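Quick note, the sequences are listed as chains H and Y, same order. Residue numbering for the first sequence follows our numbering, starting at 16 and increasing by one per position. Residue numbering for the second sequence follows our numbering, starting at 16 and increasing by one per position.
Number of protein chains: 2
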Amino acid sequence: MIDKTLDTSILLGLYETAMLLIKQNVEFVSKQGLTNQQWVILIHLAKDPNLPFLIREKHTMPLMASELADSLGVTRANITNLLTILMDKGLIKQIEDKEDRRKKRLVLTPKGDKLIKLMQPDRKKSNAQMLSGLSKKEKELFLIYIQKCTENLQTQKFS
Amino acid sequence: MIDKTLDTSILLGLYETAMLLIKQNVEFVSKQGLTNQQWVILIHLAKDPNLPFLIREKHTMPLMASELADSLGVTRANITNLLTILMDKGLIKQIEDKEDRRKKRLVLTPKGDKLIKLMQPDRKKSNAQMLSGLSKKEKELFLIYIQKCTENLQTQKFS
DNA sequence: ATTAATAATTAATAATATTAACTATTGTAT
DNA sequence: ATACAATAGTTAATATTATTAATTATTAAT
Numbered sequence: 016m017i018d019k020t021l022d023t024s025i026l027l028g029l030y031e032t033a034m035l036l037i038k039q040n041v042e043f044v045s046k047q048g049l050t051n052q053q054w055v056i057l058i059h060l061a062k063d064p065n066l067p068f069l070i071r072e073k074h075t076m077p078l079m080a081s082e083l084a085d086s087l088g089v090t091r092a093n094i095t096n097l098l099t100i101l102m103d104k105g106l107i108k109q110i111e112d113k114e115d116r117r118k119k120r121l122v123l124t125p126k127g128d129k130l131i132k133l134m135q136p137d138r139k140k141s142n143a144q145m146l147s148g149l150s151k152k153e154k155e156l157f158l159i160y161i162q163k164c165t166e167n168l169q170t171q172k173f174s
Numbered sequence: 016m017i018d019k020t021l022d023t024s025i026l027l028g029l030y031e032t033a034m035l036l037i038k039q040n041v042e043f044v045s046k047q048g049l050t051n052q053q054w055v056i057l058i059h060l061a062k063d064p065n066l067p068f069l070i071r072e073k074h075t076m077p078l079m080a081s082e083l084a085d086s087l088g089v090t091r092a093n094i095t096n097l098l099t100i101l102m103d104k105g106l107i108k109q110i111e112d113k114e115d116r117r118k119k120r121l122v123l124t125p126k127g128d129k130l131i132k133l134m135q136p137d138r139k140k141s142n143a144q145m146l147s148g149l150s151k152k153e154k155e156l157f158l159i160y161i162q163k164c165t166e167n168l169q170t171q172k173f174s
């Protein structure tokens with residue numbers, strides 16, 4: 016018999032919430048012909064200041080594929096596939112790095128930029144709906160708890 | 016330019032935390048030759064009282080495949096595949112429902128039960144580590160916020 | 001008695017991601 | 001200066017995970 020604990024209830028709760036959240040997002044972005052992963056790449060290139068990866072690390076130069084792989088937690092090969100699709104759609108383009116010719120910097124095209132801007136209002140509405148019923152103070156605490164978890168999960172790797 | 020908001024920071028934070036959490040769990044359960052989904056099914060059959068699905072709905076009878084599909088948010092066909100693997104491994108078994116012969120109830124075998132019990136100590140340790148640095152009071156608030164999100168995400172479907 | 005609904009399964013396929021091998025370029029250590 | 005390692009990206013083959021559509025069996029509803 017497994018006992019009921021706060022820790023495990025939180026973990027399984029987080030898991031379920033994230034699954035629902037992804038499902039909803041898949042629905043949202045598929046209206047624009049995007050997959051969830053493609054969308055996440057686009058908001059990275061749009062420098063969304065809410066992205067944990069961009070909060071933790073300052074990036075003055077445009078991102079490259081390997082940095083996206085880091086942030087999304089997938090392989091570079093996978094990122095290559097996703098970027099090819101986004102380039103075929105004309106939403107992003109690669110720029111060669113003059114200083115290091117191995118690197119390719121990634122930026123939104125005007126079309127990609129326009130698409131992200133177009134989706135913003137509905138996106139914000141849907142995000143607000145997910146958190147409705149929580150006060151500003153509660154949301155601030157919520158964010159702190161989430162960030163604490165991420166921190167713990169990332170340092171755990173080295174134990 | 017996308018603006019920084021509490022709502023979106025929380026949403027993207029949740030997303031990242033869940034991805035890290037799943038990665039860690041995949042590592043944990045793969046040591047026992049399980050995938051993440053297989054593991055989630057096993058703790059359902061072990062009646063883990065921390066599972067949101069089991070908190071929301073009382074189940075006196077053993078679960079059936081369609082209920083698992085509901086809880087995991089996947090198709091019944093997918094569940095069938097997962098159950099076949101778990102039965103081949105001898106971790107679960109099907110029991111025919113006498114009252115309704117369409118239904119098949121799912122239970123752990125002694126081997127499956129033993130495996131779950133064996134994994135519990137490490138599981139609890141890892142869950143505690145994810146939440147280290149948070150007080151009991153903070154954890155209680157955290158759980159309430161998570162449950163509020165799930166609620167909001169589930170009612171949003173009908174808008 | 002017929003039709004609809006529910007439960008589970010099967011087969012084919014879609015999607016998503018990984019591994020391993022390869023090219024090109026840059027960094028490092030003799 | 002040369003050799004070796006490391007980084008960045010790509011490609012091809014494959015693994016995985018999940019879905020859709022069709023099928024069987026059983027039960028519910030009209």
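Don't be surprised by glycine CBs; every beta carbon is placed ideally from N, CA and C. Everything numeric in this text was worked out from a predicted model, so none of it was measured.
field: Collapsed DSSP secondary structure at residue 89 (chain Y) in the structure displayed
entry: If DSSP states are grouped into helix, strand and coil, residue 89 (chain Y) belongs with coil.
field: Interface partners of residue 147 (chain H) on chain Y, CB under 9 Å
entry: Listed along chain Y are 163 and 167, each with a C-beta nearer than 9 Å to that of residue 147 (chain H).
- prompt: Using a beta-carbon distance below 8 Å, is residue 82 (chain H) in contact with chain Y?
  reply: No, residue 82 (chain H) lies away from the interface with chain Y (no Cβ there is under 8 Å from its Cβ).
message: Which residues does DSSP list as the beta-bridge partners of residue 53 (chain Y)?
response: Answer is none; residue 53 (chain Y) lacks a bridge partner.
query: If you measure beta-carbon to beta-carbon, which residues of the region 32 to 52 of chain H are closer than 8 Å to chain Y?
result: Of all residues in the region 32 to 52 of chain H, 32, 33, 34, 35, 36, 37, 38 and 39 have a Cβ within less than 8 Å of some Cβ in chain Y.
message: Please state whether the Cβ-Cβ distance between residue 36 (chain Y) and residue 59 (chain Y) is less than 8 Å.
response: Taking the C-beta atoms as reference points, residue 59 (chain Y) is found no nearer than 8 Å to residue 36 (chain Y).
query: Can you tell me the Cα-Cα spacing of residue 23 (chain H) and residue 81 (chain H), whole angstroms?
result: Approximately 34 Å, taken between the alpha carbons.
- prompt: Terminal residues of the continuous alpha helix (DSSP H) containing residue 161 (chain H)?
  reply: Where residue 161 (chain H) is concerned, the enclosing alpha helix (DSSP H) stretches over 151 to 170.
task: Consult DSSP for residue 120 (chain H) and reduce its assignment to one of helix, strand or coil.
output: If DSSP states are grouped into helix, strand and coil, residue 120 (chain H) belongs with the strands.
- prompt: Should the region 155 to 169 of chain Y be regarded as contacting the region 134 to 147 of chain H, the criterion being three or more beta carbon pairs within less than 8 Å?
  reply: Contact holds: three or more Cβ-Cβ distances are below 8 Å.
query: Where does residue 140 (chain H) sit, in a helix, a strand or coil, going by DSSP?
result: Residue 140 (chain H): helix per DSSP, three-state reduction.
Exposure label - residue 72 (chain H); buried when at least 16 CB within 10 Å: It counts as exposed.
- prompt: Taking DSSP as the reference, what is the three-state secondary structure of residue 174 (chain H)?
  reply: Since pLDDT at residue 174 (chain H) reaches only 42, below the 50 mark, its modelled position is unreliable, and the value read off the structure follows with that caveat. Note: residue 174 (chain H) maps to coil in three-state DSSP.
field: Neighbour flag for residue 28 (chain Y) against chain H, beta carbons, 8 Å
entry: Yes, because at least one Cβ of chain H sits closer than 8 Å to the Cβ of residue 28 (chain Y).
task: Name the residue from H:83, H:142, H:17 and H:128 whose alpha carbon lies nearest to the alpha carbon of residue 120 (chain H).
output: Of the residues H:83, H:142, H:17 and H:128, the one whose Cα lies closest to the Cα of residue 120 (chain H) is H:83.
Three or more C-beta pairs below 8 Å linking the region 122 to 136 of chain H and the region 46 to 65 of chain H: Cβ pair count under 8 Å is three or more, so yes.
task: Would you mind sorting residue 141 (chain H) into buried or exposed? The rule is 16 or more other CB atoms within 10 Å of its CB.
output: Counting the other Cβ atoms within 10 Å of the Cβ of residue 141 (chain H) gives 16 or more, which makes it buried.
- prompt: For the region 106 to 120 of chain H against the region 25 to 40 of chain H, are there 3 or more C-beta pairs whose distance is under 8 Å?
  reply: Under the three-pair Cβ rule at 8 Å, the region 106 to 120 of chain H does not count as touching the region 25 to 40 of chain H.
message: With a threshold of 7 Å on Cβ separation, who are the neighbours of residue 74 (chain H) within its own chain once the five nearest residues in sequence on each side are excluded?
response: Excluding sequence neighbours, residue 74 (chain H) sits near nothing in its chain.
- prompt: Does residue 88 (chain H) get closer than 8 Å to chain Y when you measure Cβ to Cβ?
  reply: In terms of beta-carbon proximity, residue 88 (chain H) lines the interface with chain Y, with at least one pair separated by less than 8 Å.
- prompt: Should residue 51 (chain H) and residue 65 (chain H) be called a contact, given that it needs their Cβ atoms to be closer than 8 Å?
  reply: No, these two residues do not count as a Cβ contact at 8 Å.
query: What residues of chain Y sit near residue 92 (chain H), judged by a beta carbon separation below 7 Å?
result: Correct list: empty, because the minimum Cβ distance to chain Y is about 17 Å.
query: Comparing the C-beta of residue 1 (chain H) with each C-beta of chain Y, is any distance below 8 Å?
result: Outside the shown range of chain H (16 to 174) lies residue 1 (chain H), about which nothing can therefore be said.
task: Taking only the alpha-carbon atoms, compute the straight-line gap between residue 86 (chain H) and residue 68 (chain H) and give it to the nearest angstrom.
output: Rounded to whole angstroms, residue 86 (chain H) to residue 68 (chain H) spans 6 Å at the Cα level.
- prompt: Which residues, in chain order, does the region 54 to 75 of chain Y contribute to contact with chain H at a C-beta distance below 9 Å?
  reply: Hits within the stretch, in order: 55, 58, 61, 62, 63, 64, 65, 66, 67, 68 and 70.
CB contact flag (residue 56 (chain H), residue 101 (chain H), <8 Å): Contact check for residue 56 (chain H) against residue 101 (chain H) passes: the beta carbons are separated by less than 8 Å.
- request: Assign residue 13 (chain H) to one of two classes, buried (16 or more other C-beta atoms within 10 Å of its C-beta) or exposed (fewer than that).
  value: Residue numbering for chain H in the displayed model covers 16 to 174; residue 13 (chain H) lies beyond these limits and cannot be assessed.
- prompt: Could one say the Cβ of residue 151 (chain H) lies closer than 8 Å to chain Y's Cβ atoms, at least one of them?
  reply: With its beta carbon less than 8 Å from one in chain Y, residue 151 (chain H) belongs to the interface.
task: Under the assumption that residue 105 (chain H) contacts residue 139 (chain H) (Cβ atoms under 8 Å), give the Cβ distance between them as a whole number of angstroms.
output: So it is not a contact: roughly 25 Å between Cβ atoms.
query: Is the beta carbon of residue 94 (chain Y) within less than 7 Å of some heavy atom of the ligand SAH?
result: Among the ligands in the structure shown, none appear at all, so the ligand SAH cannot be discussed.
message: According to DSSP, is residue 111 (chain H) part of a helix, a strand, or is it coil?
response: In this structure, residue 111 (chain H) counts as strand in the three-state DSSP scheme.
message: With a threshold of 8 Å between beta-carbons, can residue 109 (chain H) be considered close to chain Y, or not?
response: No - not a single Cβ of chain Y is within 8 Å of the one on residue 109 (chain H).
query: When the Cα atoms are used, what is the spatial distance from residue 95 (chain Y) to residue 118 (chain Y)?
result: Looking at the two C-alpha atoms, the distance is approximately 13 Å.
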